[in-house]
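**Q**
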Amino acid sequence: MNRNRVVNRWVAIGVFVVAILAYLRTIAPDVSFWDCGEFIAASFTMGIMHPPGAPLFTIIGRLFTFFPIHNVAWRVNVISVISSALTITLLYLIIVRLTNIWRGQPKNAMDRWIVYGGAVIGALAFAFSDSFWFNAVEAEVYAMSMLFTALAVWIVLYWKDNPVRPGNERWLILIVYLLWLSTGVHLLNLLVFPFIFIVIVFENNLSMKRLVWVVLLQAGIPLTLYILFFHYNPSTMSYQQFIAHQNTAWKFFE
Numbered sequence: 081m082n083r084n085r086v087v088n089r090w091v092a093i094g095v096f097v098v099a100i101l102a103y104l105r106t107i108a109p110d111v112s113f114w115d116c117g118e119f120i121a122a123s124f125t126m127g128i129m130h131p132p133g134a135p136l137f138t139i140i141g142r143l144f145t146f147f148p149i150h151n152v153a154w155r156v157n158v159i160s161v162i163s164s165a166l167t168i169t170l171l172y173l174i175i176v177r178l179t180n181i182w183r184g185q186p187k188n189a190m191d192r193w194i195v196y197g198g199a200v201i202g203a204l205a206f207a208f209s210d211s212f213w214f215n216a217v218e219a220e221v222y223a224m225s226m227l228f229t230a231l232a233v234w235i236v237l238y239w240k241d242n243p244v245r246p247g248n249e250r251w252l253i254l255i256v257y258l259l260w261l262s263t264g265v266h267l268l269n270l271l272v273f274p275f276i277f278i279v280i281v282f283e284n285n286l287s288m289k290r291l292v293w294v295v296l297l298q299a300g301i302p303l304t305l306y307i308l309f310f311h312y313n314p315s316t317m318s319y320q321q322f323i324a325h326q327n328t329a330w331k332f333f334e
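At position 123 of the sequence shown the residue is numbered 203 (our numbering), and the sequence of numbers has no breaks.
Given below as structure tokens:
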């Protein structure tokens, strides 16, 4: 096996171990603030969360509640721990792949120190950043959402290595499947579509005419869906209704 590949895999495993041990050491022991209690309760009862909901997170959370370890809240918190550790591992692999695209494969030991060492520093710096670490140790949807995003980015970069390879288009189909599946966790994942779109466009050298059509299609589909949703359910899509709801929500705190 290629030496670079062996080193890369062992370093990736090391990054995962460091991340998951740190998160397990600092995991919330039970229910923490904000929506965490709601996510834990919904996972335990297979209930419905606040709109737009998170059915995939609820199903996975329900499976974790069966584990006979600690309390129910801790078990659901572990979802974020595992998701975050995997996200950091994928981030390391993404940095390595982007560096290889930029400067080529490592040719000697010094190159490997630069590429893999730099990727480790970048991944762990993000792992222990305030916002990411904060959400990595509690029952929130953001950790799993980041996992889907990182996985989609890694897959499209893997596809980019050899886009004309027979059957390689299955990776693009997998990206679409994963991202639509991820809407059952959080809609934040859809923000990765522009990056994937840009990678595919530049890799295939689309003509300007085709590029314009693709951009119009990308912009037109969400607009069409919004118009349809607004037509059939105007109260849900109305900004005025949203503001009115926010103003009346304070009565629960009086």
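In this text, a Cβ means the ideal position worked out from N, Cα and C, and glycines have one as well.
(1) In the structure shown, what three-state DSSP assignment does E283 receive?
(2) If you draw a straight line from the C-alpha of M226 to the C-alpha of I162, how long is it?
(3) Tell whether a beta-carbon distance below 7 Å holds between A223 and S262.
(4) Which class does V156 belong to by DSSP, given the choice of helix, strand or coil?
(5) Do R142 and M126 come within 7 Å of each other at the CB atom, strictly closer than that value?
(6) Using the beta-carbon count (16 or more within 10 Å), is G300 buried or exposed?
(7) Just verifying my parser: in three-state terms, what is the DSSP assignment at I107?
(8) At what residue ranges does the segment 161 to 242 contain a whole run of the alpha helix (DSSP H), taking only runs of 4 or more?
(9) DSSP state of G117, grouped into three classes?
(10) Cβ atoms of Y172 and A92: under 7 Å apart, would you say?
(11) Once you ignore the five residues that flank V233 on each side, which residues in its own chain have a CB closer than 8 Å to its CB?
(12) Just the Cα atoms here: how many angstroms apart are L252 and V98?
(13) Determine, using beta carbons only, whether V236 and V279 come nearer to each other than 7 Å.
(14) Terminal residues of the continuous alpha helix (DSSP H) containing T346?
(15) Check whether the segment 141 to 157 touches the segment 105 to 112, taking contact to mean three or more Cβ pairs, one atom from each stretch, closer than 8 Å.
(16) Distance check for R85 and D191, CA to CA, integer angstroms please.
(17) Specify the secondary structure class of M81 as computed by DSSP and reduced to three states.
**A** Taking the geometry as given:
(1) By one-based count along the sequence shown, residue 283 stands at place 203. Here E283 sits in helix by DSSP.
(2) Here residue 226 refers to the residue found at position 146 when the sequence shown is read from its first residue. Here residue 162 refers to the residue found at position 82 when the sequence shown is read from its first residue. Looking at the two C-alpha atoms, the distance is approximately 12 Å.
(3) As a first step, residue 223 is located in the sequence shown; it is residue number 143 there, counting from the start. As a first step, residue 262 is located in the sequence shown; it is residue number 182 there, counting from the start. Cβ distance not < 7 Å, so A223 and S262 don't count as in contact.
(4) In the sequence shown, the residue the question calls residue 156 occupies position 76. Three-state DSSP puts V156 in a helix.
(5) Walking along the sequence shown from the start, residue 126 turns up at place 46. Walking along the sequence shown from the start, residue 142 turns up at place 62. Contact: yes.
(6) Taking the first residue of the sequence shown as position 1, residue 300 is located at position 220. It counts as exposed.
(7) In the sequence shown, residue 107 corresponds to position 27, counting from 1. Reduced to three states, the DSSP call for I107 is coil.
(8) 189 to 207, 210 to 216 and 222 to 241
(9) Position 37 of the sequence shown, counted from the start, is the residue given in the question as residue 117. Of the three classes helix, strand and coil, the one that applies to G117 here is helix, per DSSP.
(10) Taking the first residue of the sequence shown as 1, we reach residue 92 at position 12. Taking the first residue of the sequence shown as 1, we reach residue 172 at position 92. In this structure, Y172 lies closer than 7 Å to A92 by Cβ.
(11) Your numbering for residue 233 matches position 153 in the sequence shown. Closer than 8 Å at the Cβ level, and outside the excluded window around V233, lie L170, I174, V272, F275 and I276.
(12) Here residue 252 refers to the residue found at position 172 of the sequence shown. Here residue 98 refers to the residue found at position 18 of the sequence shown. C-alpha separation (whole angstroms): 31 Å.
(13) Counted from its first residue, the sequence shown places residue 236 at position 156. Counted from its first residue, the sequence shown places residue 279 at position 199. Cβ atoms of V236 and V279: closer than 7 Å.
(14) As shown, the chain starts at 81 and ends at 334. That puts residue 346 outside it, with no answer to give.
(15) yes
(16) Here the question's residue 191 lines up with position 111 in the sequence shown. Here the question's residue 85 lines up with position 5 in the sequence shown. D191 and R85: Cα-Cα distance of roughly 13 Å.
(17) Here residue 81 refers to the residue found at position 1 when the sequence shown is read from its first residue. Residue placement at M81 is flagged as unreliable, the pLDDT there being 48, under the threshold of 50; a coordinate-derived value is accordingly withheld.
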